[in-house]
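For reference, the structure discussed in these notes is given below.
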Amino acid sequence: MKTDIEIAQEAAMLPIKDVAASIGVEEDDLELYGKYKAKFSDEYLKKVQSNPNGKLVLVTAINPTPAGEGKTTTTVGLGEAFGQLGKKAIIALREPSLGPCFGIKGGAAGGGYAQVVPMEDLNLHFTGDFHAITSANNLLAAMMDNHIQQGNALDIDTRQIIWKRCLDMNDRVLRNVVVGLGNKMDGVVREDHFVITVASEIMAILCLADDMEDLKHRLAKIIVAYNRAGEPVTAGDLNAVGAMAALLKDALKPNLIQTLEHTPAIVHGGPFANIAHGCNSVRATKLALKMADIVVTEAGFGADLGAEKFFDIKCRMAGLKPDAVVLVATVRALKYNGGVPKTETSVPNLEALKKGIVNLEKHIENLQKYGVPIVVTLNAFITDSEEEIHFVKNFCEERGCEFALSEVWEKGGKGGIALAEKVLDTLEHKESHFEVLYENSLSLKEKIETVAKEIYGAATVTYAPAAEKALKKITEMGFGDVPVCMAKNQYSLSDDPKLLGRPENFNVNIREVYVSAGAGFVVAITGAIMTMPGLPKKPAAEGIDVTTDGVITGLF
């Protein structure tokens, strides 16, 4: 079987203006980035506002395992399958981060014959959105430190600076650094920190902003530090908003590329779901809904992270009402959750499957709490036995879910027709009664504990003293009525990545809490989750190269 990058490089792409034309978008409505990438103009976004909305389908998954699940692959393949059935469909994805691309996870363009292309461009620099976000973030940091150096008129307490620099790379040595070393003209010596770009508040702001006016309004509210009186100092106080907005002007516009079967793909924004809110931009999703009859979007990692934040943060803020959810699993991943080592997940083992399927069961129960109809799909592997597939099918149907097998990795859109037909039937015959998990009126602690107990299945929640203090201060500052964005490891429903399956009677520990005032949510960090990841012992970067004629190899 060919590798993902070989399949992508052999693809016959259409000029992006032709892909756009297939859904009624004229070339004048695009800002071209070469032949195969484009951004939508602001004028086009305004032009389609009066169009009716299409149906919104979210693709999510069980907790990720080394055995693989294929959520993005399923999203792409489902969009292609709708095209095979003659439906006007668009997929809406996040942009990949360089961190995991060069780390352990690889890229995020789908896989096999269900990919978006140009794959190398998307996984690397793409249209420069992440560079713009990184630059805006670090401009704010530079202006804050310069303000302190130039007399500190805002009386910033250098022991209470909370704004961190960022970089779109896994680089653990930057988690905790000392800046300002040298002579008097080199700044004030203090401890500083870096986060990966996708965890930056500016990434969240870009993904939640409706337009330039809203973007600037949100940027102005970013809290960078506290003064010696304990009052917040904002980006607006530093007069940084205009310059940051100038850097983000083009990054705010959604990007258009295509799948291997020329299905339009709007790819925009890229927050991680384990340390941020994990969804593509509101602008991209709303635009897609005005352009297509069906929009297929995804949210990062398992449904305990991405789907929860999609519903409780993105849909709440943007007024979106999803019509159906596709929950992705694999037989191999379920057996891994049942205690089978990765090396043995291809061997038929019904007992391990029965033991591990409790992870899928919990995600089904969680999604049902939001009132949205569910279709479960198994991303098929040749090693799956008929008995195992039949067991999963019965298990899902007994719990009120539709079920379909997906073969999109191997067959592209044709391999997703059974799934697409189930989704279409669900959209036609099952009504969505979407509601968020908690109301804004609950206290921050009540919101945190609702997610931890209702979604993760925790018995108790504890708080580090610093987190307790922060919750009290944030509430006193007037941010008690915003949603919570939980930062948690992706591998387990709990905050311990080693607890697979469906753990019970566990505690979730809240280590740190801070407010992202511009994004409009409070972040609660659990367990040992890191906002600046590190590279693995053998990073994927070691296998990436460029041939003498300029062809990139080794991306996956």
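If you want the working numbering, it's the 1-based position in the sequence shown plus 9. Yeah, the Cβ is synthetic: ideal placement off N, Cα and C, and Gly gets one too.
Strand pairing of Pro382, partner residues [DSSP]
To locate residue 382, count along the sequence shown from 1; it is residue 373. Pro382 pairs with nothing; no bridge assigned.
Quick check on Ile391: buried or exposed, where buried means 16 or more other Cβ atoms within 10 Å of its Cβ?
Numbered from 1 along the sequence shown, position 382 holds the residue referred to as residue 391. Result: exposed.
How is the alpha helix (DSSP H) around Asn573 delimited, first residue to last?
No information on residue 573 is available, as it lies outside the stretch 10 to 565 that the chain covers here.
What alpha helix (DSSP H) runs, 4 residues minimum, are completely inside the region 464-495?
With a minimum length of 4 residues, the continuous alpha helix (DSSP H) runs that stay inside the region 464-495 are 474-485.
Flag this pair as yes or no: are the beta carbons of Leu414 and Ala338 separated by less than 8 Å?
Mapped onto the sequence shown, residue 414 falls at position 405. Mapped onto the sequence shown, residue 338 falls at position 329. No, the Cβ-Cβ distance between Leu414 and Ala338 is not below 8 Å.
Comparing C-alpha positions only, which one of Tyr523, Thr562, Gln267 and His134 sits nearest to Thr484?
If you number the sequence shown from 1, residue 484 lands on position 475. Nearest C-alpha to Thr484: Tyr523.
Look up Tyr523 in the DSSP assignment and give the residues it is bridged to.
Counted from its first residue, the sequence shown places residue 523 at position 514. Among the bridge pairs identified by DSSP, Tyr523 is matched with Val532.
Could you work out which residue in Ala473, Ala293 and Lys56 is closest to Ser260 when comparing CA atoms only?
What you label residue 260 is simply residue 251 of the sequence shown in a count that begins at 1. The sequence shown places Ala at residue 260, rather than the Ser named in the question. For Ala260, the closest alpha carbon among the candidates Ala473, Ala293 and Lys56 is that of Ala293.
Alpha helix (DSSP H) runs wholly inside the region 105-137, at least 4 long, in chain order:
107-111 and 128-132
The beta strand (DSSP E) that contains Glu411, what's its start and end?
On the sequence shown, position 402 is the one that residue 411 refers to. Residues Glu411 to Ser415.
Going by Cα to Cα distance, which pick from His271, Ala117, Pro548 and Lys423 is closest to Thr81?
As a working mapping, residue 81 is identified with position 72 in the sequence shown. Closest option to Thr81, Cα to Cα, is Ala117.
Which residue marks the beginning of the alpha helix (DSSP H) containing Gln58, and which one marks its end?
As a position in the sequence shown, residue 58 is number 49, starting the count at 1. Element bounds for Gln58: n/a, residue is neither H nor E.
By Cβ distance, which residues of its chain are closer than 7 Å to Glu458, with the 5 residues on each side in sequence left out?
Counting from 1 along the sequence shown, the entry for residue 458 is found at position 449. Cβ neighbours of Glu458 beyond the five flanking positions: Val470.
Residue from His134, Ala123 and Gly189 with nearest C-alpha to Asn155:
Position 146 of the sequence shown, counted from the start, is the residue given in the question as residue 155. Among His134, Ala123 and Gly189, the Cα nearest to that of Asn155 is on Gly189.
With a cut-off of 8 Å, do at least 3 Cβ pairs link the region 277-295 to the region 90-110?
yes
CA-CA distance, Ala427 and Glu521?
As a position in the sequence shown, residue 427 is number 418, starting the count at 1. As a position in the sequence shown, residue 521 is number 512, starting the count at 1. Straight-line Cα distance between these residues: approximately 45 Å.
Can you tell me which of His442, Ser450 and Gly466 puts its alpha carbon nearest to the alpha carbon of His372?
By 1-based counting over the sequence shown, the position of residue 372 is 363. Taking only the C-alpha atoms, the option nearest His372 is Gly466.
Could you check the C-alpha separation between His442 and Ala213 for me, to the nearest Å?
Residue numbering aside, residue 442 sits at position 433 when the sequence shown is read from its first letter. Residue numbering aside, residue 213 sits at position 204 when the sequence shown is read from its first letter. Rounded to whole angstroms, His442 to Ala213 spans 27 Å at the Cα level.
Identity of the residue in His286, Ala76, Glu307 and Gly559 nearest Phe530 by Cα:
Locating residue 530 in the sequence shown gives position 521, where the first residue counts as 1. For the residues His286, Ala76, Glu307 and Gly559, the minimum Cα distance to Phe530 belongs to His286.
Tell me whether Lys507 is buried or exposed, calling it buried when 16 or more other Cβ atoms sit within 10 Å of its Cβ.
Locating residue 507 in the sequence shown gives position 498, where the first residue counts as 1. Exposed, by the Cβ-count rule.
Which whole runs of the alpha helix (DSSP H) in the region 299-378 are 4 residues long or more, in chain order?
340-346, 359-365 and 367-377
Whole angstroms is fine: what's the gap from Met495's alpha carbon to Ala29's?
Taking the first residue of the sequence shown as position 1, residue 495 is located at position 486. Taking the first residue of the sequence shown as position 1, residue 29 is located at position 20. Distance between the alpha carbons of Met495 and Ala29 is about 37 Å.
Residues in the same chain with beta-carbon distance under 8 Å from Leu376, minus the five sequence neighbours each way, listed in chain order, please.
For the purposes of this step, residue 376 is taken as residue 367 along the sequence shown, with counting starting at 1. The beta carbon of Leu376 is closer than 8 Å to those of Thr69, Ala312, Ala316, Val334, Leu336 and Ile383 in its chain, skipping five residues each way along the sequence.
Got a sec? Which residues, its chain only, sit under 6 Å from Asn146 by beta carbon, not counting five neighbours each side?
Here residue 146 refers to the residue found at position 137 when the sequence shown is read from its first residue. Closer than 6 Å at Cβ, skipping near neighbours: Cys175, Ser209 and Ile211.
Considering Arg103, what are the terminal residues of the beta strand (DSSP E) in which it resides?
Within the sequence shown, residue 103 is the residue found at index 94, counting from 1. Note, Arg103: premise wrong, no beta strand (DSSP E); not H, not E.
How would you write the range of the alpha helix (DSSP H) that Asp166 sits in, first residue to last?
The residue labelled residue 166 in the question sits at position 157 within the sequence shown. No alpha helix (DSSP H) holds Asp166; the beta strand (DSSP E) holding it covers Ile165 to Ile170.
Counting C-beta neighbours from all protein chains within 10 Å, is the total for Thr556 16 or more, i.e. buried, or is it exposed?
Numbered from 1 along the sequence shown, position 547 holds the residue referred to as residue 556. Thr556 counts as exposed, since fewer than 16 other beta carbons sit within 10 angstroms of its beta carbon.
According to DSSP, is Arg184 part of a helix, a strand, or is it coil?
Reading the sequence shown from its first residue, position 175 is the one you call residue 184. Assigned with DSSP and collapsed to three states, Arg184 falls in coil, not helix or strand.
With DSSP as the reference, please indicate the residues paired to Pro548 in a beta bridge.
Indexing the sequence shown from 1 puts residue 548 at position 539. The partner list for Pro548 (beta bridge, DSSP) is empty, contrary to what the question assumes.
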